[in-house]
Amino acid sequence: MATDFFYNKEVHQYSENEGITVTEGVYRLGMEDMEEEEQTFIDLIDAFLDDPKLKDVVGLCIGAWPCAYDSSCDSIIKKIIEEKEKLQQLEAIFVGDMDYEECEISWIQQTNLNSIFTHFPNLKMLQIRGSEGLELGKINHQNLETLVLHSGGLPKNVLHDISNANLPKLKHLELWLGTSDYGFGGDVKTDVAPLLEDGKFPSLFHLGLQNAENAVDVVQLIAKTPLQKTILSLDLSMGTLVDKDAAPLLDAPCMPQLCYLNLNSNFLTTEIGQQIKGKFPHIELKTGEQKVAEVYGDEVYRYVDVSE
Numbered sequence: 007m008a009t010d011f012f013y014n015k016e017v018h019q020y021s022e023n024e025g026i027t028v029t030e031g032v033y034r035l036g037m038e039d040m041e042e043e044e045q046t047f048i049d050l051i052d053a054f055l056d057d058p059k060l061k062d063v064v065g066l067c068i069g070a071w072p073c074a075y076d077s078s079c080d081s082i083i084k085k086i087i088e089e090k091e092k093l094q095q096l097e098a099i100f101v102g103d104m105d106y107e108e109c110e111i112s113w114i115q116q117t118n119l120n121s122i123f124t125h126f127p128n129l130k131m132l133q134i135r136g137s138e139g140l141e142l143g144k145i146n147h148q149n150l151e152t153l154v155l156h157s158g159g160l161p162k163n164v165l166h167d168i169s170n171a172n173l174p175k176l177k178h179l180e181l182w183l184g185t186s187d188y189g190f191g192g193d194v195k196t197d198v199a200p201l202l203e204d205g206k207f208p209s210l211f212h213l214g215l216q217n218a219e220n221a222v223d224v225v226q227l228i229a230k231t232p233l234q235k236t237i238l239s240l241d242l243s244m245g246t247l248v249d250k251d252a253a254p255l256l257d258a259p260c261m262p263q264l265c266y267l268n269l270n271s272n273f274l275t276t277e278i279g280q281q282i283k284g285k286f287p288h289i290e291l292k293t294g295e296q297k298v299a300e301v302y303g304d305e306v307y308r309y310v311d312v313s314e
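FYI, in our numbering the residues of the sequence shown are 7 to 314.
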């Protein structure tokens, strides 16, 4: 199973034989054999929706659907929307909960997920894995607190949808920007910068701009842009930063307000970490786990954590 915990709760694999047994639980719907017919997954959803303890479920993970590398989850999402009245208690949904053995993140075929925002007004958390074919559309949700998008490359249209969203209660925004080879088609200055506009998300506490091939551009943007005062936690992990790339953070206007900064899994030395910690001792700084660049002849290659 891809995810052991979601929405701060243990994830339970749903089966017709066992049914729903956990109160206020999170359940995963997914196929062990991805070559199963699509109808088999729909039958699993029907059994789940007919379970007498369905109201005990607060979180739903949609896992490996048939041929996820070639077919989208569109029919699955439509089925869930058709039965939305049975699922109004849901507080958290995860679309694409599968590990690399089930389907590489860049291969996962997503779909238009705007209907989730429209038909689940009580939702507090939405997580999505994979961005191929992903559309969010016009987002307007009064209660969503956490939005997480994991991808090997986040398309420009998705960034635009998020930056134009109306999410007054959003506290946690986590985006894996990825690489141009696997779908990132945007520009940090024009497509990521709008996310940092003051008042864009008035309740935002944590901002993650992670797994970025162009992490140096992200740092330069942050170094020049005063972050909204509510943002106290910043995650720039999983990227391609070297010391000189991270150095502008020493003079970034947001640093005095931060309580937490994650720079793990870049290409940094202990020296830059010591400089940041020395100047901003109040920040809980994560720099412990770093990658080593690959050298082939005269070429030096630095890479994000997740691409394909």
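From the three backbone atoms N, C-alpha and C, an ideal C-beta is built for every residue, glycine too.
For residue i and residue j, I'd like the C-alpha separation in whole angstroms.
i, j, result
"GLU89", "PHE54", "11 angstroms"
"GLY284", "ASN146", "42 angstroms"
"ALA252", "VAL301", "21 angstroms"
"GLY25", "ILE111", "29 angstroms"
"SER121", "GLN281", "46 angstroms"
"GLU30", "VAL17", "11 angstroms"
"GLU108", "GLY65", "21 angstroms"
Would you please state the rounded distance, in angstroms, between the beta carbons of residue i and residue j? I believe it to be under 8 angstroms.
i, j, result
"GLY214", "LEU181", "6 angstroms"
"LEU176", "LEU153", "6 angstroms"
"GLN95", "LYS61", "6 angstroms"
"LEU274", "VAL248", "7 angstroms"
"ILE83", "THR117", "6 angstroms"
"PRO200", "ALA229", "PRO200 to ALA229, Cβ: 17 angstroms. No contact."
"GLY344", "SER78", "Nothing can be reported for residue 344, as the shown portion of the chain is limited to 7 through 314."
"GLY245", "GLN216", "7 angstroms"
"LEU242", "VAL224", "7 angstroms"
Looking at the structure shown, is residue i part of a helix, part of a strand, or coil, going by DSSP?
i, result
"VAL64", "strand"
"GLN280", "helix"
"GLN263", "helix"
"VAL306", "strand"
"PHE54", "helix"
"ASN120", "helix"
"TYR106", "coil"
"ALA199", "helix"
"SER186", "helix"
"SER137", "coil"
Within a Cβ cutoff of 6 angstroms, which residues of the same chain sit near residue i, ignoring the five residues on either side of it in sequence?
i, result
"LYS189", "For clarity, residue 189 is Gly in the given sequence; the question names Lys instead. SER137, GLY159, PRO161."
"MET104", "ALA8, GLY69, ALA70"
"TRP113", "TYR75"
Using the rule of at least 16 other Cβ atoms within 10 Å of the residue's Cβ for burial, across every protein chain shown, is residue i buried or exposed?
i, result
"GLN19", "exposed"
"GLY36", "buried"
"ASN14", "exposed"
"THR196", "exposed"
"THR293", "buried"
Here's a check: name, in chain order, each residue in its chain whose Cβ is nearer than 7 angstroms to the Cβ of residue i, leaving out the five neighbours to either side.
i, result
"ASP85", "According to the sequence provided, residue 85 is Lys. The question's Asp does not apply to it. These residues qualify, in order along the chain: ILE48, ILE51."
Using a Cβ-Cβ distance cut-off of 7 angstroms, determine whether residue i contacts chain C.
i, result
"SER239", "The structure shown has no chain C; it contains just one protein chain."
Within its chain, find whatever has a CB closer than 8 angstroms to the CB of residue i; leave out the 5 residues flanking it on each side and keep chain order.
i, result
"PHE211", "LYS177, HIS178, THR236, ILE237, LEU238, SER239"
"HIS125", "ILE87, LYS90"
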